[in-house]
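Numbering (this note's numbering), first residue to last: 152 to 523.
Backbone N, C-alpha and C fix where the C-beta goes; we use that ideal spot for every residue, glycine too.
For clarity, every value in this text was computed on a predicted model and none was experimentally measured.
Take a look at the structure below.
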């Protein structure tokens with residue numbers, strides 16, 4: 152396969168993934184290429200690609216590579232030092248490598264080379280070195296939101312680093328800074344799914360309004376909050392949730408004790424907290440299992456299932472909580488009850504009191520068995 156055909160196939164594959172987006176538009180040079188850039192991606196704030204919605208322009212570089220076997224989730228590619236220096240002066244580039252087995256079998260890899268990333272690459276070069284090996288990640292061509300998020304993130308960091316990268320701070324400066332910040336990117340319906348293992352951190356010196364780039368930081372775990380409603384059949388159960396990112400796993404935390412791995416649709420619940428907390432959480436669990444789904448904002452999470460034994464345990468436990476609630480109401484007690492501090496003896500007495508007051512019977516043998 153000649154070089155001209157390889158380049159045409161690679162450019163066409165990039166255009167195809169960009170064309171799937173309503174907010175991105177590709178302008179790729181044909182034949183009359185610039186010295187190192189192959190075109191641009193125009194980013195818009197909405198699906199109407201008109202001037203008032205224009206958000207920014209991203210330079211792109213596209214390379215085609217004929218392979219017998221596709222690389223894995225990452226691959227290396229050597230970029231000329233002189234090209235990296237030009238990219239840095241221009242504010243960065245998104246670098247694509249398209250692996251080609253034949254004209255219909257391809258795999259796309261990308262590197263979002265913002266100024267900080269390029270500065271890090273160049274800072275490690277040796278004297279006389281002509282190329283630098285750069286890691287690229289596989290692009291999910293079936294997920295248009297991914298390339299949109301990549302472009303949004305690139306523009307965000309390019310704007311903040313274009314004129315400040317020469318004044319970047321070091322990690323050693325952290326203790327002297329007034330603030331440290333980072334930003335997480337994701338589309339509203341998918342931002343519970345945070346699929347990165349690093350963030351770019353910025354710092355602000357005391358008395359200075361300018362946010363200066365510091366470094367790309369990898370983390371073992373990160374937790375952040377989202378203000379998106381959790382609902383079932385138009386009923387709102389929670390006004391928000393948390394996301395726990397550990398390794399490659401994204402776990403959403405609903406309330407205080409409900410954890411769910413969305414990829415597996417698997418709940419993990421610890422029966423903890425006050426009466427009001429447990430009532431709210433267990434009722435949501437019960438209703439979600441019964442409905443088979445719940446919503447995060449407008450995004451439906453379905454396939455919620457449980458075996459008969461677990462369903463029965465949750466129903467029984469919920470009825471126990473309702474009994475305690477009704478007992479407190481009988482005595483006009485409005486304060487919440489901290490169930491975590493109750494001993495086994497306390498629970499026996501509580502069950503006895505419920506039997507006498509609510510059911511007019513005496514059962515001194517057993518108390519509540521709160522599930523773990």
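Here residue 212 is buried, its C-beta having at least 16 other C-beta atoms within 10 Å. In this structure, the beta-carbon distance from residue 174 to residue 162 does not fall below 8 Å. A residue is called buried when at least 16 other Cβ atoms come within 10 angstroms of its Cβ; residue 309 meets this threshold and is buried.
Residue state for residue 162 is assigned as helix, using DSSP reduced to three classes.
With contacts defined by Cβ atoms closer than 8 Å, residue 197 and residue 204 form a contacting pair. Between the C-alpha atoms of residue 441 and residue 425 there is a straight-line separation of about 24 Å.
In the structure shown, residue 439 falls within a helical segment according to DSSP collapsed to helix, strand and coil. Rounded to the nearest whole angstrom, the CA to CA distance from residue 434 to residue 469 is 7 Å. For residue 218 against residue 252, the beta-carbon gap comes to about 6 Å, under 8 Å, which counts as contact. Where residue 507 is concerned, the enclosing alpha helix (DSSP H) starts and stops at 495 to 510. By the 16-neighbour rule on beta-carbons within 10 angstroms, residue 359 is exposed. Residue 270 and residue 232 have their C-alpha atoms some 11 Å from each other. Look at residue 155 here: in three-state DSSP terms it is helix. Residue 382 and residue 411 have their alpha carbons spaced roughly 15 Å apart. At a Cβ-Cβ threshold of 8 Å, residue 261 and residue 287 count as neighbours.
Sequence-distant partners of residue 266 (beyond 5 residues in either direction) whose C-beta falls short of 8 Å from its own C-beta, in its chain, are 239, 242, 243, 308, 309, 312, 313, 316, 364.
Going by beta carbons, residue 230 and residue 165 fall outside the 8 Å limit. Under DSSP, the beta-bridge partners assigned to residue 212 are 246. For residue 334, there is no enclosing alpha helix (DSSP H), as DSSP gives it neither H nor E. Residue 447 and residue 318 have their C-alpha atoms roughly 41 Å apart. Pairing residue 290 with residue 259 gives a Cβ-Cβ distance under 8 Å. Here the C-alpha atom of residue 160 lies approximately 30 Å from the C-alpha atom of residue 273. Secondary structure of residue 482 (DSSP, three-state): coil. For residue 370, there is no enclosing beta strand (DSSP E), as DSSP gives it neither H nor E.
Minimum Cα-Cα distance from residue 195 among the listed residues 502, 303, 321 corresponds to 303.
Per DSSP, the beta bridge partners of residue 349 are 369. Proximity to residue 389 across 409, 501, 420 peaks at 409, based on C-alpha coordinates. According to the DSSP assignment, residue 396 belongs to the beta strand (DSSP E) that extends over 392 to 397. Distance between residue 167 and residue 295, taken at the CA atoms: about 11 Å. Sequence-distant Cβ neighbours of residue 407 in its own chain, meaning closer than 8 Å and more than five residues away, are 423, 424, 428, 432. Within the model, the alpha-carbon separation for residue 494 versus residue 463 is close to 24 Å.
For residue 177, the pairing in a beta bridge is given by DSSP as 192.
In the three-state DSSP reduction, residue 285 falls in the strand class (E or B). Note that the C-beta distance between residue 373 and residue 352 is not below 8 Å. The C-beta distance from residue 249 to residue 226 rounds to 11 Å, too long to meet the 8 Å contact threshold. At the C-beta level, residue 430 and residue 379 stay beyond 8 Å of one another.
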